[in-house]
Amino acid sequence: MAPGGGVCKEVVESHSKFANYDTAMAKTEKTNTPIKTTTGLGEKHGMPSTNGVHELLECPVCTSLMYPPIHQCPNGHTLCSNCKIRVHNCCPTCRLELGNIRCLALEKVAESLELPCRYQSLGCHDIFPYYSKLKHEQHCQFRPYNCPYAGSECSVMGDIPTLVAHLKDDHKVDMHDGCTFNHRYVKANPHEVENATWMLTVFNSFGRQFCLHFEAFQLGMAPVYMAFLRFMGEEAEAKKFSYTLEVGAYGRKQIWQGVPRSIRDSHRKVRDSQDGLIIPRNLALFFSGGDRQELKLRITGRIWKGQ
Numbered sequence: 079m080a081p082g083g084g085v086c087k088e089v090v091e092s093h094s095k096f097a098n099y100d101t102a103m104a105k106t107e108k109t110n111t112p113i114k115t116t117t118g119l120g121e122k123h124g125m126p127s128t129n130g131v132h133e134l135l136e137c138p139v140c141t142s143l144m145y146p147p148i149h150q151c152p153n154g155h156t157l158c159s160n161c162k163i164r165v166h167n168c169c170p171t172c173r174l175e176l177g178n179i180r181c182l183a184l185e186k187v188a189e190s191l192e193l194p195c196r197y198q199s200l201g202c203h204d205i206f207p208y209y210s211k212l213k214h215e216q217h218c219q220f221r222p223y224n225c226p227y228a229g230s231e232c233s234v235m236g237d238i239p240t241l242v243a244h245l246k247d248d249h250k251v252d253m254h255d256g257c258t259f260n261h262r263y264v265k266a267n268p269h270e271v272e273n274a275t276w277m278l279t280v281f282n283s284f285g286r287q288f289c290l291h292f293e294a295f296q297l298g299m300a301p302v303y304m305a306f307l308r309f310m311g312e313e314a315e316a317k318k319f320s321y322t323l324e325v326g327a328y329g330r331k332q333i334w335q336g337v338p339r340s341i342r343d344s345h346r347k348v349r350d351s352q353d354g355l356i357i358p359r360n361l362a363l364f365f366s367g368g369d370r371q372e373l374k375l376r377i378t379g380r381i382w383k384g385q
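Sequential numbering from 79 applies to the sequence shown in the working numbering.
This is the structure:
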């Protein structure tokens, strides 16, 4: 549950080629948990350059590969643009003032290099020109996934089998088999719940995994609840599936049909896009019955695979 949410009870009942390189590299060149995934497509196969020149392109401060503009001090020590700002324009090697000297020779040498994808250990065996490598890695299908657990800042990354085990063992998420489900969400005082997120369960259907989420938040000025499904895999695979969610009582019902979103999209992104079953609080309390002071929502659903 996200900070600020109330105590809840869940009942489970059944089934330009240089552009932006200097700013992007700080995030994308960090090492992630090495996990093996499936097969992929790339630009070409082969052996990378073996002359060791690419080692000269490693920034001595952040150890990431450098992209234009590459800076150097009067003594020839180089570093990336991000680190030039961090070291306050002072060379970290010899302490001379850096100024605005570009290492054009090293930038030119980089153009001749071919390097493997950083996710080579995860199954990507393609080789890319130096200045194409970063763009590929930002979309490489072998790159690890972020933990899909909602309401936490979990930093774990990995392939799908690793994340499924992580969700079960570390987050204690319920795992269920089948393509239909029936959940009941219970909250003693629903008026205390604001901007709260829960992931109810992970479903194993058609040999793949799906995360069912339930969230409470403000949509404009109106308090609402939202249920939606995320697919543990790539968007192209997610589009092969559809699902329905249904909630109701007293002869009324509300139904949502949609396509699960890939866990490449964060649960917050899915929520903000309103791509799911949205239930206004007043309607949710009506479905709950009684004096409308306790939330008791039964959400049923089904997952199916398109032809």
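Note that CB positions come from ideal geometry on N, CA and C, so glycine has one too.
N-terminal and C-terminal residue of the beta strand (DSSP E) that residue i is part of
i    : result
Y303 : A300 to F309
S159 : S159 -> not in any beta strand (DSSP E); alpha helix (DSSP H) instead, spanning S159 to R164.
F284 : Looking at the DSSP string, F284 is not in any beta strand (DSSP E), and its letter there is neither H nor E.
N178 : Note, N178: premise wrong, no beta strand (DSSP E); not H, not E.
L355 : L355 to P358
D255 : D252 to D255
H261 : T258 to K265
T378 : L373 to K383
I333 : R330 to G336
Residue of the options minimising C-alpha distance to residue i
i    : options                   : result
Y145 : G154, V187 and N178       : V187
D353 : Y321, G326 and L373       : Y321
H291 : T378, L212 and G326       : T378
G177 : I163, P226, A183 and E185 : I163
C172 : T156, A183 and R339       : T156
C218 : E324, Q371, F319 and E312 : E312
H166 : P358, H149 and G154       : H149
V337 : Y328, G326, K318 and P301 : K318
H244 : P226, H254, F206 and G256 : P226
K265 : P239, R376, G384 and E231 : R376
L182 : G154, F206, N160 and R286 : G154
C289 : C140, R308 and P207       : R308
DSSP-derived helix/strand/coil call for residue i
i    : result
Y208 : helix
F295 : strand
F220 : coil
T156 : strand
D100 : Low local confidence applies: a pLDDT of 39 at D100 is under 50, so the model's placement there is unreliable, and no value is given.
S320 : strand
K87  : Here the model assigns K87 a pLDDT of 36, short of 50, so the residue's position is not dependable, and the following value carries that caveat. Three-state DSSP puts K87 in a strand.
D247 : helix
T171 : coil
Q198 : helix
T240 : helix
A228 : coil
V325 : strand
L191 : coil
E312 : coil
H203 : coil
E136 : strand
G118 : Only weak support exists for where G118 lies, its pLDDT of 36 falling under 50; the coordinates are left without a value.
N- and C-terminal bounds of the alpha helix (DSSP H) containing residue i
i    : result
R342 : Looking at the DSSP string, R342 is not in any alpha helix (DSSP H), and its letter there is neither H nor E.
Assigned exposure category for residue i - 16 Cβ within 10 Å defines buried
i    : result
E185 : buried
T117 : Because T117 sits at a pLDDT of 35, beneath the cut-off of 50, its placement in the model cannot be relied upon, and the point is left open.
R221 : buried
T279 : buried
I333 : exposed
W152 : According to the sequence displayed, residue 152 carries Pro and not Trp. Label assigned to P152: exposed.
W382 : exposed
R196 : buried
K331 : exposed
A228 : buried
K259 : Reading off the sequence, residue 259 comes out as Phe, not Lys. Its Cβ being crowded by 16 or more others within 10 Å, F259 is buried.
D350 : exposed
C168 : exposed
D255 : exposed
K347 : exposed
Q371 : exposed
Q287 : buried
E293 : buried
A314 : exposed
Y263 : buried
M310 : buried
L135 : buried
Y328 : exposed
CB contact check: residue i to chain B, cutoff 8 Å
i    : result
Y321 : No chain B is present in this structure, which holds just one protein chain.
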